[in-house]
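If you count the sequence shown from 1, position 9 lands on 9 in full-length UniProt numbering, and the numbers rise without skipping. Each residue gets a CB set at the ideal place from its N, CA and C atoms; glycine is no exception. First comes the structure, then the notes that go with it.
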Amino acid sequence: MTHCRDLLSIPSLRNLQLLGGKKGLSRPMNWVYFILSQPFGNWVNYGDLIFYNPAGRDTSEDMLLSAIQEAELCGLAGLIFLLDPNLLPQLPDSVALEADRLAFPVFSLSITENINNISRDIITYIVQSNLQEKRGTSFWKKLLFEEASAEDPNLLTQAYINGINPRQSYCLYLFQFCNLPDYFKLPVQQRQVADPAALLSGFYSKIRFFLSGELTNYWLVEHQESCAVILPVSPSGPTTQSTQLFLSIVQKLEKQYPGARIRVAKGSLIFTLEQAPRSYIEAQRAIYIENLYPEELPYIDYSKLGFQRLLYEISDVELLRRYVEDTIGSLLLYDLQNHTDYYLTLLTYYRQMRNLTQTAQILNYHRNSMILRMQKIEEITGLDLSDHNHFYNIYVALEIYEYLKKLENET
């Protein structure tokens, strides 16, 4: 991945001056364009670097500032103003101040420089950098989605060839556009894009853009409605800052795609390359399990899912149904025959960690009425809600029943 800061290391750009926006130098840089006038939003893409030559047109301070604002809004890598000794000899101080305010890199370069050679050098740098990144991405993609790859005796050699350190620990995160079919039922004005392929392309680009502002070393593997992000970490795992970064990206994406349901999940740590496919599957499962429960969890760590992980591993649904029947089946039958809602009372009671007062408040019952309802539940089920062993049996049965209900709704 090429970043805007890389411009400062290209020999032919030795006369390039950074005016402001130093904090934004980590922005990804995908390509180079020349722009002569505004607006230019329809002609550029996320991560593009633009040479802007406004000479001979409106070079007022307001125009220059609006160019910076539009470039930042379009998610560009940076903006290079071409200075003309006669028409635009210098830029006002407000340009640097605005660049700093937006953390958007703004440069100046004399138009007398050999711009053709400079643009060629930038493009060459981008292409070479992208080739190296693509080799690494291709390696991870093959490892994740081709079953035989993890068993390849030349796996370590292939990793080194493609710039991957097989002795390094890695962490895999999975971004997923969970409601893509439903999203395309929204009005075109709301979803902005008519073609799913174009939407996903923009989705991937935005993730890459947000990551590049914070990370310098990672691989992004696109696959259907999701993309895996793999980054090297210490053996102890990623930091809390990494969690906050990925959560913030989900929040930004959902703002840019109103009505979208976007999630990110983390698989278990990858200590050897052979573990990568397992980590990817775990991240997929984490998102699937989150979809089955009412809580809104934009970020899901598979290792912290607890009991729900075990449920997913049980393929015998009939076995699960029998467990529910043996534990709380009498309560479900009573509710069905008498049009009562004792099951909801019991579920809420457990979800509130068996706090009677909080359960009464949520269900809008008097505390004494709640006591009577709990006694009735014990009478129907024959279970002692204060018994330690019964507590776990009931908790497991409730979670299984909620899981089964979600499964039935999906089919």
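Counted within 10 angstroms of its Cβ, other Cβ atoms place residue i as buried (16 or more) or exposed
| i | result |
| --- | --- |
| asparagine 42 | exposed |
| glutamine 176 | buried |
| methionine 353 | exposed |
| threonine 124 | exposed |
| leucine 87 | exposed |
| arginine 135 | exposed |
| threonine 381 | buried |
| aspartate 387 | exposed |
| methionine 29 | buried |
| asparagine 53 | buried |
| arginine 167 | exposed |
| tyrosine 160 | exposed |
| histidine 366 | exposed |
| glycine 47 | buried |
| threonine 157 | exposed |
| proline 238 | buried |
| glutamine 308 | buried |
| tyrosine 392 | exposed |
| histidine 339 | exposed |
| glycine 163 | exposed |
| alanine 286 | buried |
| serine 315 | exposed |
| proline 105 | buried |
| alanine 198 | exposed |
Euclidean distance between Cα positions of residue i and residue j
| i | j | result |
| --- | --- | --- |
| glutamate 290 | leucine 269 | 20 Å |
| asparagine 355 | glutamine 375 | 15 Å |
| serine 205 | valine 250 | 14 Å |
| arginine 322 | leucine 180 | 35 Å |
| aspartate 152 | proline 277 | 13 Å |
| asparagine 117 | glutamate 61 | 30 Å |
| asparagine 114 | phenylalanine 51 | 13 Å |
| glycine 202 | leucine 247 | 19 Å |
| serine 138 | glutamate 282 | 21 Å |
| proline 258 | lysine 252 | 10 Å |
| isoleucine 377 | asparagine 389 | 17 Å |
| proline 235 | glutamine 275 | 14 Å |
| asparagine 45 | leucine 305 | 38 Å |
| glycine 329 | valine 317 | 16 Å |
| proline 39 | glutamate 70 | 8 Å |
| leucine 25 | methionine 63 | 23 Å |
| serine 108 | phenylalanine 81 | 5 Å |
| valine 233 | glutamine 284 | 21 Å |
| alanine 77 | leucine 320 | 53 Å |
| glutamine 244 | threonine 345 | 35 Å |
| glutamate 254 | glutamine 224 | 18 Å |
| tyrosine 349 | leucine 398 | 11 Å |
| leucine 144 | valine 264 | 17 Å |
| leucine 7 | leucine 91 | 20 Å |
Paired residues, beta bridge with residue i - DSSP
| i | result |
| --- | --- |
| alanine 228 | Leu174, Val221 |
| valine 193 | According to DSSP, which records beta bridges pairwise, valine 193 is partnered with nothing at all. |
| isoleucine 270 | Tyr170 |
| leucine 88 | Asp84 |
| phenylalanine 51 | Phe34, Ile80 |
| glutamate 115 | In the sequence under discussion, the amino acid at residue 115 is isoleucine, which differs from the glutamate named in the question. Per DSSP, none; premise fails for isoleucine 115. |
| valine 264 | Phe175, Tyr299 |
| valine 233 | Ser169 |
DSSP-derived helix/strand/coil call for residue i
| i | result |
| --- | --- |
| isoleucine 314 | coil |
| phenylalanine 246 | helix |
| alanine 96 | helix |
| isoleucine 10 | coil |
| leucine 76 | coil |
| proline 28 | strand |
| isoleucine 164 | coil |
| valine 127 | helix |
| serine 110 | strand |
| valine 324 | helix |
| leucine 253 | helix |
| leucine 18 | strand |
Residue-level contact to chain B via CB, residue i, 9 Å cutoff
| i | result |
| --- | --- |
| isoleucine 371 | This model lacks chain B altogether; it includes just one protein chain. |
Closer than 8 Å: residue i CB and nearest the ligand GTP heavy atom
| i | result |
| --- | --- |
| aspartate 182 | As presented, the structure is devoid of all ligands, the ligand GTP included, so that no description of it is given. |
Please list the segments of the beta strand (DSSP E) lying wholly inside the region 334-398, counting only runs of 3 or more residues, in order along the chain. The region 334-398 contains no complete beta strand (DSSP E) run of 3 or more residues.
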